[in-house]
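Protein chains in written order, with our numbering: chain A, 7 to 536; chain B, 10 to 297; chain C, 322 to 656. Quick notes on the structure that follows.
Next comes the structure, spelled out in structure tokens:
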């Protein structure tokens with residue numbers, strides 16, 4: 007049963023309440039909930055939606071609120087991801103690569119009916135830069151506060167500090183807020199954070215109707231959305247994203263029909279359970295989320311390439327991918343996802359072979375010490391990978407200690423080479439679909455203490471990746487990234503295991519889901535009831 | 010109580026519940042010591058067979074296998090070591106901190122006593138497990154930190170108990186005469202008071218073990234306990250949760266182990282109370 | 322007058338105890354290994370972003386200064402912002418408290434209405450098979466890890482039999498909260514469907530929480546009743562030929578009531594409040610216990626501190642109320 011049924015019929019029931027009560031009791035106890043509310047899509051999400059401010063949170067788990075209620079200048083769709091014009095219709099880049107001029111779409115309405123103009127975009131950029139939270143990290147390095155211009159209501163000009171080939175691919179994260187509405191709700195110079203964490207001030211395809219931080223949110227379809235709604239299709243009238251942290255509850259709810267969709271990164275055992283259900287479809291897509299062991303390269307013996315290769319030969323790729331993950335993912339031998347441009351297609355990677363590992367270890371000829379592995383608490387897969395690895399290392403004479411910590415502690419330790427553990431198993435997700443998101447961030451000196459997870463420093467690699475950021479010609483950039491990736495694999499700067507596959511469980515009544523690695527299939531504007 | 014000692018012991022043995030409790034506790038100690046011998050697959054603690062994961066109970070794996078393909082029974086036997094280590098050290102440390110504080114505070118009167126007991130009261134103003142969670146969250150997950158957080162949150166119970174007992178015997182004739190004979194304060198506390206308040210303390214130790222095992226399991230379940238490579242019962246249940254409902258044995262077996270062991274300590278505690286602490290004998294119910 | 326004096330001195334002691342508790346928790350939380358600023362800034366933050374935020378939030382000031390500022394804030398009910406949801410902790414806790422109370426009160430009621438009668442019966446029919454059975458159950462109830470019991474109940478009743486929902490408070494998106502108690506709201510609306518849904522969701526968590534509490538009450542009630550039955554004046558009255566029924570009603574019930582009232586604070590604090598942490602986690606029950614566990618998982622130390630202080634406050638207040646009630650029920654304790 008859903009609330010819709012409950013609230014709509016609540017008042018009618020007054021007179022025949024006793025009879026109804028008995029009937030309802032019987033229905034509740036005998037029949038499992040059958041029908042979903044007409045036109046409402048219910049999604050069971052694995053993260054809570056406790057803050058709806060698109061400029062305060064920037065994680066994949068909570069993407070649904072910003073991606074459905076707000077619009078960016080451009081938008082990522084499909085897989086491999088491509089960027090389509092969205093709030094902006096087009097852009098031009100100055101010859102020096104520093105000035106980006108966007109032409110905005112005319113007649114775009116905010117949910118309160120007012121028109122979105124360039125002033126809102128400028129306010130959005132300034133707000134992000136001032137709050138310094140979440141998505142601001144993408145822009146703080148390249149855009150100075152106060153430099154964004156609005157020469158006319160439909161033109162926005164961004165001026166970069168230095169040329170950046172990736173700036174364009176971060177433009178979808180400029181989620182425009184209604185500047186007048188937000189400014190009316192600013193308290194004590196908080197940029198309206200308090201208010202926007204509970205309310206919505208966007209132009210997005212869905213407008214917030216209810217929000218309960220402990221439960222989730224409901225949003226109704228925004229009829230006046232600029233992209234329009236093709237008549238004749240049964241678009242969702244309402245979307246409900248409910249936070250359901252327990253995996254089993256999500257799966258059981260899917261089976262019973264309480265939910266029409268849930269996250270696409272469930273443990274594979276659960277996917278197999280769902281596959282048996284006739285009313286559920288599992289959509290599959292190769293995502294861009296590479297699972298790897300990050301090495302802290304600042305300490306011996308990690309400075310020794312033979313030692314690192316020995317480690318690479320000691321991970322049981324087959325046991326992990328085929329047994330523990332039941333073959334649900336494909337090996338990804340390099341830091342960059344196989345399905346993105348710039349990744350060499352012929353790259354082999356290392357195979358599990360303890361003899362080779364021992365041989366490399368002999369070549370390394372170094373003093374061994376116990377090493378530490380720091381999996382992420384609450385992500386059992388990282389723990390299993392660590393335990394499996396520790397076990398194999400023991401066989402080649404390396405002692406490994408496994409200690410799990412929550413993600414924020416792990417990411418905090420990355421900040422300093424002294425606090426980071428020797429190895430950390432984790433995923434690198436897509437924040438923007440450009441090779442730089444992986445090889446350009448994880449291993450480069452410029453990202454030390456920031457997005458680098460390795461403390462690796464190599465002048466040649468720095469030069470290649472810097473150059474790839476300066477030039478915009480994709481063919482040239484492809485060559486550079488090819489070189490950079492080969493370098494990382496040859497030097498064995500980390501163990502690269504697999505690229506995540508997305509298994510999106512949805513009710514079989516639903517069509518039109520468009521999966522993109524950015525947003526992970528949570529954008530509901532394309533979906534409809536069949 | 011003027012009954013001869015052996016009669017007391019005989020009564021203890023005759024009481025089936027107490028006997029069962031003692032047997033379970035001895036069994037736990039036995040399992041912990043001889044885990045490598047008893048375990049059908051002792052190597053499975055470190056040696057995995059990923060192709061064999063999540064298999065239901067069989068002759069070869071009486072309790073089934075876990076997420077890494079290890080024999081669950083073997084891991085549980087080694088888990089008995091973890092459990093026993095944690096609860097013995099944690100309760101031991103809590104006693105070593107709490108009892109002297111309670112003794113001193115109970116023996117002397119004055120602001121120091123008042124202060125000590127006030128501090129204990131502050132610790133007691135939060136349920137123990139809440140405090141233990143806060144402490145072990147801060148220290149990070151490891152066996153040492155579990156012990157530390159449990160001891161740090163448990164000592165006030167011993168302090169309060171020792172304090173109350175000391176107060177009640179302090180004015181007894183034998184204490185007053187010892188003082189009158191010129192015994193030093195430490196001597197009075199150690200040789201005259203402590204032996205006379207030992208009975209309730211020993212009874213509480215047994216029950217405290219049970220409580221500590223449950224609390225340690227909660228920490229393990231919340232991921233604040235032993236590291237992933239260590240076999241620990243609470244952690245096993247946590248691991249197993251994502252494999253429900255199929256791998257029912259994975260959740261059920263470690264939970265039963267916790268259940269029996271805690272019950273063992275509780276029954277033993279009840280039995281000891283009957284013998285050692287006649288004042289609070291179960292409402293005089295024994296004897297019939 | 323004496324009672325008033327006792328109440329007054331208790332209230333006075335409340336202040337230093339709470340201050341001590343805050344100091345204790347503050348000390349614990351400020352040696353936390355994660356950098357809270359980093360959490361607020363988000364995983365993509367740069368070094369400058371973090372430094373700027375640190376100054377803004379006052380995390381660069383000396384510890385004692387932070388502590389004094391913290392005390393001042395707590396006194397006004399301000400527990401700081403959640404590092405994860407970026408909303409005031411007090412607000413988050415307030416929003417979640419009714420869920421915990423609804424579950425806790427249901428569990429206490431169940432425990433009392435099952436535990437006390439069983440304890441009385443067990444004592445009256447001492448050493449009968451019934452007594453033995455009750456004692457086996459009560460000993461077992463105290464030995465079960467509640468998170469394990471919760472999962473076993475889910476396995477049986479939700480997954481295999483599909484009688485009860487696996488988790489949550491109600492089917493569908495919960496209606497706009499008014500009292501915050503799903504059952505009371507549903508009754509006020511005469512929405513019987515919602516009421517049944519809420520009750521079905523309550524069933525398993527209540528059972529899990531109530532079991533150890535009921536077990537403890539059985540033991541205490543049984544001991545209390547036995548003490549009364551064997552006491553001299555009951556023996557005397559029996560000898561005088563008072564009907565057994567009168568004796569049972571008069572003395573046994575008073576003993577049972579005293580046992581319940583004196584222990585209810587302990588039961589509420591130890592079994593319900595602390596138990597809520599794990600039970601709410603397993604049943605995804607959106608109360609303050611789940612809030613605490615989520616704070617742990619995210620190292621949201623403001624959340625952990627906030628919860629601990631609230632738990633302490635609730636515990637202290639419940640004990641205070643219990644003492645007061647007790648002093649009315651059993652005037653002997655007023656020295």
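Beta carbons: idealized from backbone N, C-alpha and C, even for Gly. It should be emphasised that the depicted structure is a prediction, and the values quoted were computed from it without experimental measurement.
query                                                                                                                        : result
Distance, residue 303 (chain A) Cα to residue 465 (chain A) Cα                                                               : 15 angstroms
Beta-carbon spacing of residue 197 (chain B), residue 206 (chain B) below 8 angstroms                                        : no
Delimiting residues of the alpha helix (DSSP H) encompassing residue 4 (chain B)                                             : Chain B is shown only over 10 to 297; residue 4 (chain B) falls outside these bounds and no answer can be derived.
Nearest residue (CA-CA) to residue 430 (chain C), options C:589, C:399, C:372                                                : C:589
Among A:381, A:147, A:129, A:166, nearest to residue 181 (chain A) - alpha-carbon criterion                                  : A:129
Contact under 8 angstroms by Cβ, residue 202 (chain B) with residue 242 (chain B)                                            : no
Near-chain B residues of the segment 211–242 of chain A (beta-carbon distance less than 9 angstroms), N- to C-terminal order : none
Those residues which DSSP pairs with residue 338 (chain C) across a bridge                                                   : Beta-bridge pairing links residue 338 (chain C) to no other residue.
In DSSP terms, what residue 290 (chain A) is bridged to                                                                      : A:509
Members of the segment 246–279 of chain B near chain C, C-beta cut-off 9 angstroms                                           : 246, 247, 249, 250, 253, 254, 257, 260, 261, 263, 264, 265, 267, 268, 269, 270, 271, 272, 273, 274, 275, 276, 279
Residue 628 (chain C) versus residue 500 (chain A) - alpha carbon distance                                                   : 40 angstroms
Cβ neighbour criterion (16 or more within 10 Å) applied to residue 509 (chain C)                                             : exposed
Segment limits, alpha helix (DSSP H) that includes residue 30 (chain B)                                                      : 25–42
Coarse secondary structure for residue 105 (chain A), derived from DSSP in three states                                      : strand
Proximal chain A residues relative to residue 232 (chain B), where beta-carbon distance stays under 8 angstroms              : 383, 384, 410
Residues near residue 484 (chain A) by beta carbon distance below 7 angstroms, same chain, minus five either side            : 347, 348
Cβ contact check for the segment 596–612 of chain C and the segment 414–428 of chain C: 3 or more pairs under 8 angstroms    : yes
CB contact below 8 angstroms: residue 142 (chain B) versus chain C                                                           : yes
Nearest-angstrom Cα separation, counted from residue 161 (chain B) out to residue 204 (chain B)                              : 25 angstroms
Outcome for residue 341 (chain A) when other beta-carbon atoms lying within 10 angstroms are tallied against a minimum of 16 : buried
Extent of the continuous alpha helix (DSSP H) to which residue 239 (chain A) belongs                                         : Segment: none, residue 239 (chain A) is in no alpha helix (DSSP H) and carries neither H nor E.
In chain order, each beta strand (DSSP E) run of at least 3 residues that lies wholly inside the segment 390–435 of chain A  : 406–408, 429–434
Secondary structure of residue 524 (chain C), DSSP reduced to three states                                                   : helix
Run of the beta strand (DSSP E) containing residue 155 (chain A), from where it starts to where it stops                     : 155–158
Contact set between residue 440 (chain A) and chain B, taken where Cβ atoms lie within less than 9 angstroms                 : Under the 9 angstroms cutoff, chain B gives no residues; its nearest Cβ is about 34 angstroms from residue 440 (chain A).
Span separating the alpha-carbon of residue 543 (chain C) from that of residue 114 (chain B)                                 : 34 angstroms
Pair within 8 angstroms by beta-carbon distance, residue 616 (chain C) and residue 415 (chain A)                             : no
Residue 27 (chain A) (DSSP reduced to helix, strand or coil)                                                                 : Since pLDDT at residue 27 (chain A) reaches only 49, below the 50 mark, its modelled position is unreliable, and no value is offered.
Buried versus exposed call for residue 30 (chain A) [16 or more other C-beta atoms within 10 Å across all chains shown]      : Note that residue 30 (chain A) scores a pLDDT of 48, beneath 50, so its modelled location is shaky and nothing firm can be said.
Given residue 458 (chain A) as reference, the closest of A:278, A:96, A:419 once Cα atoms are compared                       : A:419
Proximal residues, the segment 270–293 of chain A versus chain B, C-beta separation under 7 angstroms                        : 273, 275
Residue-level contact to chain A via CB, residue 489 (chain C), 8 angstroms cutoff                                           : yes
Proximity test, residue 411 (chain C) beta-carbon vs the ligand ZN heavy atom, cut-off 7 angstroms                           : Ligands in the displayed structure: none, and consequently the ligand ZN is not present.
Contact check, residue 645 (chain C) vs residue 328 (chain C), beta carbons under 8 angstroms                                : yes
Neighbour list for residue 52 (chain A) in chain B, Cβ cutoff strictly below 8 angstroms                                     : Chain B residues near residue 52 (chain A): none, gap ~12 angstroms exceeds 8 angstroms.
Opening and closing residue of the beta strand (DSSP E) in which residue 163 (chain A) lies                                  : 161–165
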